[in-house]
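Going from the sequence shown to this note's numbering is simple: count from 1 and add 1. Worksheet: one structure, shown below.
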Amino acid sequence: MSKRTILVVTGTRADYGLLRWIMQAIDDSPKLELQIVATMMHLSPEFGSTYREIEQDGFTLTEKLDILDPSDTPQAMANSMAKGVSGFAGFLAG
């Protein structure tokens, strides 16, 4: 029987704090394979490049998708969404 793959996407320290225990349970399961995509604030030096905390917790990142536009204007948010859709499409296509 093959493992079922579970993809977890995290973009901030706040959501990672909530997801960490679920990620650990998935990673510990012999029936599941954990994949992790770090994006948004995790990849920003301005916010501390917190993807490193995920790695320090013993997780391996499957992908880093840099989609964050540093501005908070409506156009910047739309640009981030567009980069996210394109980046995830590419990642999921393999």
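All C-beta atoms, glycine included, are put in the ideal place defined by N, C-alpha and C.
Boundaries (first-last residue) of the alpha helix (DSSP H) holding residue i
{"i": "ILE55", "result": "52-57"}
{"i": "LEU93", "result": "75-94"}
Which of helix, strand or coil DSSP assigns to residue i
{"i": "ILE23", "result": "helix"}
{"i": "LYS4", "result": "coil"}
Reference residue i, options the options, closest by Cα
{"i": "GLY12", "options": "THR74, GLU56, LEU44, TRP22", "result": "LEU44"}
{"i": "MET41", "options": "ASP16, ILE27, ASP58", "result": "ASP16"}
{"i": "ILE7", "options": "LYS32, ARG53, GLY18, LEU19", "result": "LYS32"}
{"i": "PHE60", "options": "SER87, ALA90, GLU34, GLN76", "result": "GLU34"}
{"i": "GLY95", "options": "GLU64, SER3, VAL10, TRP22", "result": "GLU64"}
{"i": "LEU93", "options": "SER3, ASP29, VAL9", "result": "VAL9"}
Terminal residues of the beta strand (DSSP E) in which residue i lies
{"i": "LYS65", "result": "64-66"}
{"i": "LEU44", "result": "Per DSSP, LEU44 belongs to no beta strand (DSSP E) and is neither H nor E."}
8 Å Cβ cutoff met for residue i and residue j
{"i": "ILE62", "j": "ILE27", "result": "Checking the sequence shown, residue 62 turns out to be Leu, not Ile. Taking 8 Å as the Cβ cut-off, LEU62 and ILE27 do not qualify as a contacting pair."}
{"i": "ALA39", "j": "ILE55", "result": "yes"}
Strand pairing of residue i, partner residues [DSSP]
{"i": "LEU69", "result": "Looking at the DSSP assignment, LEU69 forms no beta bridge with any residue, so it has no partner."}
{"i": "THR11", "result": "ALA39"}
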